[in-house]
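Everything below concerns the one structure shown next.
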Amino acid sequence: MRAAALAHLSAGQREAAQRAALRRAAELGIGSLHECAGPAISSPEDLTALLALAEQEQGPEVFGYWGELGAVDTARRLGAVGAGGDLFVDGAIGSHTACLHSPYADSGRGGAEYLTAEQVADHVAACTEAGMQAGFHAIGDAALDAVVRGVRAVADRLGLAAVRALRHRVEHAELLDAAGIAAFAELGLTASVQPAFDAAWGGAEGMYATRLGAERARAMNPFAALLRAGVPLALGSDAPVTALDPWGTVRAAAFHRTPSTGSRSARPSPRTPGAAGGRWAGTTRAPGAGAPASYAVWAPAELLVQAPDQRVANWSTDPRSGVPGLPDLTPGGPLPQCLATVVRGRTVHMAG
Ligand SMILES: [Zn+2]
1 MRAAALAHLS
11 AGQREAAQRA
21 ALRRAAELGI
31 GSLHECAGPA
41 ISSPEDLTAL
51 LALAEQEQGP
61 EVFGYWGELG
71 AVDTARRLGA
81 VGAGGDLFVD
91 GAIGSHTACL
101 HSPYADSGRG
111 GAEYLTAEQV
121 ADHVAACTEA
131 GMQAGFHAIG
141 DAALDAVVRG
151 VRAVADRLGL
161 AAVRALRHRV
171 EHAELLDAAG
181 IAAFAELGLT
191 ASVQPAFDAA
201 WGGAEGMYAT
211 RLGAERARAM
221 NPFAALLRAG
231 VPLALGSDAP
241 VTALDPWGTV
251 RAAAFHRTPS
261 TGSRSARPSP
271 RTPGAAGGRW
281 AGTTRAPGAG
291 APASYAVWAP
301 AELLVQAPDQ
311 RVANWSTDPR
321 SGVPGLPDLT
331 PGGPLPQCLA
341 TVVRGRTVHM
351 AG
C-alpha cells in the first residue's frame, strides 16, 4: 500500500511536503533532523531531493540514513551518514509483527523475523570495515537479541574497539531486558528511542499490556535503565508515527507510564542529563557528523538547546515553574514555546 501511495506522489507534491516538514521543525526549535530513508519506506530520489532541499533552503540540517541490507556503497552515494535507520529486523507490537521470544498474549503467535543474526552480522561487518555507522529497526526481545548476537559476532571477528568506535545504532529498542541493556553498553550501541510510544501505548491498560500482558509490558522502553548502564539515549519521534514535539518527547520520557520496575525508577530525570555516564540527546550522530545536541539550563525562564556547532533554540517557559532553570513538564500543562531557532549562526525561525 505504501509503495502504491509513493508511486502516485509527484515530485512537486513531495517537495511541498518536505518544505512543510522543514519549516515545522524550525518552528519547533529543531536544528537538525534525521531522515530514516530506505527502499522499503521511501526511495533514493526522495532522500537525495530532501538532502538537496535542506542544503539549498538553509533551514534545519538533515542527516540521511539509508536502510538497505549490505548497501554501504548506495548509502554513501546517496549522501547518507549511516547505513541503517528503518532496516527492519522485525515489525511493530501493534500489528503483532515485533519478533518475540514467547508468543503475544492476545494472538498466540511470535511475530515476524525479517533479518537473522547472521544477516545483521554481515551488514555490521560491511559497515564497520567501511567506517560507516550501521543501524537497525528492532522492537521485540527476539529481534533485539538477533541484533546483539550479530554485532557481538562482528566484535569477535573485527575487535570490540572497531565496533564500538562506529556507535552502531538501534531504532526503538523497546523490549530490552537487563542482559540486552548490558550488551548495548558493552558493544557501544546507541538506543534511538521514542518516548511518545510509551505515552501513547504504555501503562497498565495500554496497547502494549494488551499485546504482551501487563507484566511483560512493564519492561518496555527502559529509558532510565539504559541511562544507568551508560548507553547513549537519543530521543526521537519516528515522525510521522508520532509528531515532531521536542518538549513533549522529553516530558514523555520523564513521566514514563511505568514509573518504576522493581525498586528502580523507570523515569529518567531531565535534571541529570549526564547521569551514570549516559546522556540524553534530541538526536544522535554518526561518527564524523558532529557531536550530539545536548540540553542545558540557561536561565530560569529560558532554556537553551545547544550543540557544539551552534544549533540554538530560545524558549519561553512558564515563569511559575517550580523548578528553577527547567520548564514545568507536568503532563497536561503547557510546554515551552520556541521563540527562535538558529542553525550555524543563521536564524531559521523567529516567532512573531
Ligand atoms: Zn522503525
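Just so you know, the numbering used here puts 172 at position 172 of the sequence shown, and the rest follows in order with no gaps. A virtual CB, placed ideally from N, CA and C, is assigned to each residue, including glycine. Every value quoted in this text rests on a predicted model; they were computed, and no experiment measured them.
> For ligand 1, which residues have a Cβ under 5 Å from at least one heavy atom, in chain order?
Replying inline: D86, H137 and E171
> Between the C-alpha atoms of A3 and H172, what's the straight-line distance to the nearest angstrom?
Replying inline: As a working note, residue 3 is residue 3 in the sequence shown. As a working note, residue 172 is residue 172 in the sequence shown. Those two C-alpha atoms are separated by around 23 Å.
> Can you tell me the Cα-Cα spacing of A254 and V154, whole angstroms?
Replying inline: The count along the sequence shown starts at 1 and reaches residue 254 at position 254. The count along the sequence shown starts at 1 and reaches residue 154 at position 154. Computed Cα separation, rounded: 35 Å.
>> Relative to the C-alpha of A191, which candidate in E174, A125, E205 and G203 has its C-alpha closest?
In response: Taking the sequence shown and counting its residues from 1, one reaches residue 191 at position 191. Closest by alpha carbon: E174.
> Can you list, in chain order, the residues of its chain whose CB lies under 7 Å from that of I181, leaving out five sequence neighbours each side?
Replying inline: Counted from its first residue, the sequence shown places residue 181 at position 181. Contacts found: P222, A225, L226, A229 and V231.
>> Suppose contacts are defined by Cβ-Cβ distances below 8 Å. Is G59 in contact with A134 by that definition?
In response: Locating residue 59 in the sequence shown gives position 59, where the first residue counts as 1. Locating residue 134 in the sequence shown gives position 134, where the first residue counts as 1. No, Cβ-Cβ distance for G59 and A134 is not below 8 Å.
> Does the beta-carbon of G274 have 16 or more other beta-carbons within 10 angstroms, so that it is buried, or is it exposed?
Replying inline: On the sequence shown, residue 274 is found 274 positions in, with the first residue counted as 1. Residue placement at G274 cannot be trusted, given a pLDDT of 38 that sits under 50; what the coordinates show is reported in the next sentence. G274 is exposed by the Cβ-count criterion.
> Are the CB atoms of W66 and L47 nearer to each other than 8 Å?
Replying inline: Counting from 1 along the sequence shown, the entry for residue 66 is found at position 66. Counting from 1 along the sequence shown, the entry for residue 47 is found at position 47. Yes, they are a contact pair.
> DSSP state of V124, grouped into three classes?
Replying inline: Taking the first residue of the sequence shown as position 1, residue 124 is located at position 124. Three-state result, V124: helix.
> Which value, in whole angstroms, describes the spacing of the CA atoms of G140 and A92?
Replying inline: The residue you call residue 140 lines up with position 140 of the sequence shown. The residue you call residue 92 lines up with position 92 of the sequence shown. C-alpha separation (whole angstroms): 8 Å.
>> In whole angstroms, give me the CA-to-CA distance for P334 and P240.
In response: Within the sequence shown, the letter at position 334 stands for residue 334. Within the sequence shown, the letter at position 240 stands for residue 240. Whole-angstrom Cα-Cα distance: 22 Å.
> So which of S260, L212, F88 and P268 has the shortest CA-CA distance to A234?
Replying inline: On the sequence shown, position 234 is the one that residue 234 refers to. Out of S260, L212, F88 and P268, P268 has the C-alpha closest to the C-alpha of A234.
> Roughly how many angstroms lie between the CA atoms of E79 and C127, to the nearest whole one?
Replying inline: Residue mapping note: residue 79 aligns to position 79 of the sequence shown, counting from 1. Residue mapping note: residue 127 aligns to position 127 of the sequence shown, counting from 1. What sits at residue 79 in the sequence shown is Gly, not Glu. So the alpha carbons of these two residues sit roughly 15 Å apart.
> Quick one: Cα of T116 to Cα of V170, how far?
Replying inline: As a first step, residue 116 is located in the sequence shown; it is residue number 116 there, counting from the start. As a first step, residue 170 is located in the sequence shown; it is residue number 170 there, counting from the start. T116 and V170: Cα-Cα distance of roughly 15 Å.
> Identify the residues that DSSP records as bridge partners of G135: which are they?
Replying inline: Numbered from its first residue, the sequence shown carries residue 135 at position 135. DSSP, once it has assigned bridges, lists R169 as partnering G135.
> Thinking C-beta only, is D90 closer than 8 Å to A37?
Replying inline: Here the question's residue 37 lines up with position 37 in the sequence shown. Here the question's residue 90 lines up with position 90 in the sequence shown. No, the Cβ-Cβ distance between A37 and D90 is not below 8 Å.
>> Measuring only the C-alpha atoms, how far is A25 from L244?
In response: Here residue 25 refers to the residue found at position 25 when the sequence shown is read from its first residue. Here residue 244 refers to the residue found at position 244 when the sequence shown is read from its first residue. About 7 Å.
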